[in-house]
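Data first, discussion second: the structure below is written as structure tokens.
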Amino acid sequence: MNWLTNFSGSAGRAIISQESAKLFVDGRYTVQAKEQINKNEISLDHLDNFWVVLKELYKTKGILAVDTRLHSIQEIKKIQNILKKSKSEIFFLDTNPIDELWKDQPPYPQSTIFNHPLKYAGQDRKNKIKKFQKILQRNKIDYYILSALDSIAWLLNIRGNDIEHTPIAFANLLIPSEGKIILFISLEKIQQDLQKEINSSCDVYSFQEMEKVIKNIPTNKCVGMDYQSTSFYFKKLCESVGLDTHHIVNPCIQAKAVKNGVELEGARQANIRDGASIAKFLFWLKNSNNINKISEIGAANYLYKTRKNNDLFYSLSFDTISAIGKHAALPHYRVSDESNLQLEDNSIYLVDSGAQYKDGTTDITRTIILGNPSEEHKDRFTRVLKGHIAIATHIFSKGTTGADIDHLARKSLNEAGYDYDHGTGHGIGSFLSVHEGPQRIAKKPVLQSAELLPGMIISNEPGYYKENSFGIRIENLIIVKEKTSNLIEFETISWAPIDRDLIEKKLLNDSEIHWINRYHSIVYKKIQNFLSLEEKKWLQKVTKTL
1 MNWLTNFSGS
11 AGRAIISQES
21 AKLFVDGRYT
31 VQAKEQINKN
41 EISLDHLDNF
51 WVVLKELYKT
61 KGILAVDTRL
71 HSIQEIKKIQ
81 NILKKSKSEI
91 FFLDTNPIDE
101 LWKDQPPYPQ
111 STIFNHPLKY
121 AGQDRKNKIK
131 KFQKILQRNK
141 IDYYILSALD
151 SIAWLLNIRG
161 NDIEHTPIAF
171 ANLLIPSEGK
181 IILFISLEKI
191 QQDLQKEINS
201 SCDVYSFQEM
211 EKVIKNIPTN
221 KCVGMDYQST
231 SFYFKKLCES
241 VGLDTHHIVN
251 PCIQAKAVKN
261 GVELEGARQA
271 NIRDGASIAK
281 FLFWLKNSNN
291 INKISEIGAA
301 NYLYKTRKNN
311 DLFYSLSFDT
321 ISAIGKHAAL
331 PHYRVSDESN
341 LQLEDNSIYL
351 VDSGAQYKDG
361 TTDITRTIIL
371 GNPSEEHKDR
381 FTRVLKGHIA
391 IATHIFSKGT
401 TGADIDHLAR
411 KSLNEAGYDY
421 DHGTGHGIGS
431 FLSVHEGPQR
441 IAKKPVLQSA
451 ELLPGMIISN
461 EPGYYKENSF
471 GIRIENLIIV
481 KEKTSNLIEF
491 ETISWAPIDR
501 DLIEKKLLND
511 SEIHWINRYH
521 SIVYKKIQNF
531 LSLEEKKWLQ
541 KVTKTL
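Just so you know, we're using UniProt numbering here: the sequence shown kicks off at 1 and counts up by one.
In structure tokens:
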């Protein structure tokens with residue numbers, strides 16, 4: 001997609017016809033996409049309109065070509081239903097045209113796979129596999145094809161570096177209802193000291209042997225797969241040799257999302273170390289005498305330096321969003337040499353960043369003023385903060401989903417006629433993906449909005465964006481916790497100061513002021529020992545009571 005359209009965001013779709021091309025992105029990327037695409041060659045639309053446009057294009061008979069490896073079974077079924085109405089055809093490509101045209105495509109990643117030990121995982125791979133196979137037995141499924149990379153990493157307690165910032169490796173699993181499971185992977189990638197452990201649970205084959213192994217499954221067997229996330233390629237392959245396929249939700253999804261005690265404690269500790277790095281960074285910025293000599297890239301690099309020496313640091317968890325002024329109005333802005341701006345006085349600066357630690361994954365956003373804020377800055381910031389506090393302090397009954405509570409984060413903004421075009425929260429992995437499902441906080445309707453269960457980790461990140469001017473977001477991570485046998489609450493685990501210079505106290509009620517004061521008191525206690533004397537004095541000042 002990036003090669004084809006020049007759009008560098010993390011999510012989008014495209015429809016390419018013989019005469020035209022259209023890119024679809026969500027609200028996080030609308031402004032960014034406008035700046036990156038060639039408007040003479042590609043038109044832009046909102047991701048919500050993708051299916052509407054596809055229906056419109058195929059009101060009359062035509063042919064649609066798709067790469068079965070890039071679309072889920074559920075998506076292909078939806079496409080087929082649309083095409084059926086106009087008697088159009090779907091054509092399954094053997095090779096993707098982009099692969100033929102992209103001559104300087106980078107080589108396939110070959111990172112080393114390493115063990116994620118029990119002291120961080122909290123549960124061994126044999127136990128996880130056994131639980132998975134019991135689910136297959138209950139559902140009368142003989143084999144299960146698992147292709148979700150984060151699920152494979154979680155199930156086998158392995159990590160890799162095939163995708164930047166996400167410690168996973170390209171692999172597939174064929175899981176029988178009993179006995180050893182079959183791992184398809186580049187054989188040379190498995191670290192030598194891990195091979196024996198893996199071989200005790202898995203028969204290991206190369207990717208090239210995958211089709212042969214699947215084709216050798218007896219035709220009277222039932223093969224399960226998650227139709228929402230598994231590519232249509234696997235269903236097509238199974239059915240080509242007479243195997244019956246059955247939809248069953250990936251059993252790893254909820255098990256991975258609901259962290260065990262070891263993972264939760266790891267997340268708490270990782271976020272304390274990470275919060276200290278954020279505080280060091282904010283101290284440096286807020287006390288700079290030459291703010292105009294610092295660039296967005298320079299600021300991001302400085303933050304990286306404060307993190308990389310932390311205990312158990314592995315990598316960043318995504319490219320740091322380091323954004324001044326108008327760039328802060330782009331929710332997922334990615335700074336480049338071409339876009340890089342110098343920081344400037346009396347401007348809003350937004351930094352959304354995170355790290356992969358061996359005991360947890362972090363994601364935190366702070367918005368600060370460099371100099372003196374305007375009344376508009378303070379009003380919008382405080383409304384975002386009120387939404388953040390509303391989520392952080394909410395107590396709710398069991399069975400509640402993220403969609404049920406999303407309105408709380410938007411209430412103060414909505415009252416003034418504002419909103420933001422992204423979700424309020426996403427799930428977080430444990431030394432895995434910084435964006436993890438099924439848990440999320442977002443507006444209704446939300447596809448399969450999941451119940452918020454104790455042990456889940458989720459972000460709390462309302463925002464406000466004024467195009468070509470400034471943007472605000474405040475993000476902490478929260479753990480879903482049981483308060484009583486019937487009630488659920490959140491535990492905030494991110495610890496870094498919130499910019500007092502942007503708070504309009506008169507917009508806050510007493511309970512909100514109490515929350516801020518208590519939060520800042522805990523911030524100081526938890527991270528002070530990681531700071532220098534000068535940094536500690538500054539932290540004491542910026543976390544004092546309102």
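In this text, a Cβ means the ideal position worked out from N, Cα and C, and glycines have one as well. The structure presented is a predicted model; accordingly, all values stated were derived computationally and were not measured.
Residue i and residue j closer than 7 Å at C-beta
| i | j | result |
| --- | --- | --- |
| residue 395 | residue 487 | yes |
| residue 275 | residue 498 | no |
| residue 425 | residue 460 | yes |
| residue 364 | residue 501 | no |
| residue 535 | residue 281 | no |
| residue 541 | residue 430 | no |
| residue 328 | residue 471 | yes |
| residue 270 | residue 362 | yes |
| residue 402 | residue 440 | yes |
| residue 333 | residue 321 | yes |
| residue 548 | residue 435 | Here the chain has residues from 1 to 546 only, and residue 548 is not among them. |
| residue 23 | residue 44 | yes |
| residue 163 | residue 153 | no |
| residue 177 | residue 133 | yes |
| residue 389 | residue 512 | yes |
Beta-bridge pairing of residue i - partner residues as DSSP gives them
| i | result |
| --- | --- |
| residue 172 | 184 |
| residue 465 | 471 |
| residue 455 | The partner list for residue 455 (beta bridge, DSSP) is empty, contrary to what the question assumes. |
| residue 364 | 353 |
| residue 427 | 436 and 458 |
| residue 205 | 184 |
| residue 225 | 247 |
| residue 488 | 396 and 482 |
| residue 323 | 350 |
Beta-carbon proximity list for residue i, same chain, < 8 Å, skipping 5 on both sides
| i | result |
| --- | --- |
| residue 264 | 455, 457 and 479 |
| residue 503 | 378, 381, 382, 385, 516 and 546 |
| residue 477 | 267, 271, 362, 363, 364, 428, 457, 458, 459, 460, 492, 493 and 494 |
| residue 481 | 454, 488, 489, 490 and 491 |
| residue 180 | 201, 202 and 203 |
Residue i in three-state terms, based on DSSP
| i | result |
| --- | --- |
| residue 163 | strand |
| residue 58 | coil |
| residue 77 | helix |
| residue 43 | strand |
| residue 476 | strand |
| residue 562 | In this structure the chain extends from 1 to 546, so residue 562 is not present and cannot be described. |
| residue 547 | Residue coverage of the chain in this structure runs from 1 to 546, which leaves residue 547 outside it and unanswerable. |
| residue 533 | helix |
| residue 382 | helix |
| residue 302 | helix |
| residue 503 | coil |
| residue 232 | helix |
| residue 115 | strand |
| residue 22 | strand |
| residue 11 | coil |
| residue 65 | strand |
| residue 297 | helix |
| residue 219 | coil |
Nearest candidate by alpha-carbon position, reference residue i, set the options
| i | options | result |
| --- | --- | --- |
| residue 489 | 66, 534 and 405 | 405 |
| residue 515 | 507, 530, 420 and 393 | 393 |
| residue 550 | 105, 199 and 171 | Summary: the structure shown does not reach residue 550, with the chain confined to residues 1 through 546, and so no result is reported for it. |
| residue 415 | 22, 422 and 407 | 407 |
| residue 115 | 391, 524 and 358 | 358 |
| residue 354 | 296, 432 and 235 | 432 |
| residue 314 | 226, 440 and 160 | 160 |
| residue 98 | 147, 4, 63 and 91 | 4 |
| residue 356 | 301, 273, 335 and 298 | 273 |
| residue 253 | 14, 71, 17 and 135 | 135 |
| residue 330 | 473, 262 and 285 | 473 |
| residue 182 | 129, 226, 88 and 83 | 129 |
| residue 41 | 29, 21, 228 and 47 | 21 |
| residue 346 | 522, 376, 228 and 335 | 376 |
| residue 443 | 194, 31, 437 and 410 | 410 |
| residue 286 | 151, 372, 305 and 234 | 372 |
| residue 35 | 438, 462, 336 and 303 | 336 |
| residue 340 | 309, 73, 312 and 301 | 301 |
Nonlocal neighbours in the same chain, by C-beta distance under 6 Å from residue i, ignoring five residues either side
| i | result |
| --- | --- |
| residue 224 | 141, 144, 246 and 248 |
| residue 342 | 292 and 295 |
| residue 76 | 232 |
Cutoff 7 Å; reference residue i; Cβ partners in own chain excluding five residues on either side
| i | result |
| --- | --- |
| residue 118 | 124 |
Distance cut-off 6 Å: residue i Cβ against heavy atoms of the ligand SAM
| i | result |
| --- | --- |
| residue 370 | With respect to small molecules bound, the structure shown includes none, and the ligand SAM cannot be examined in it. |
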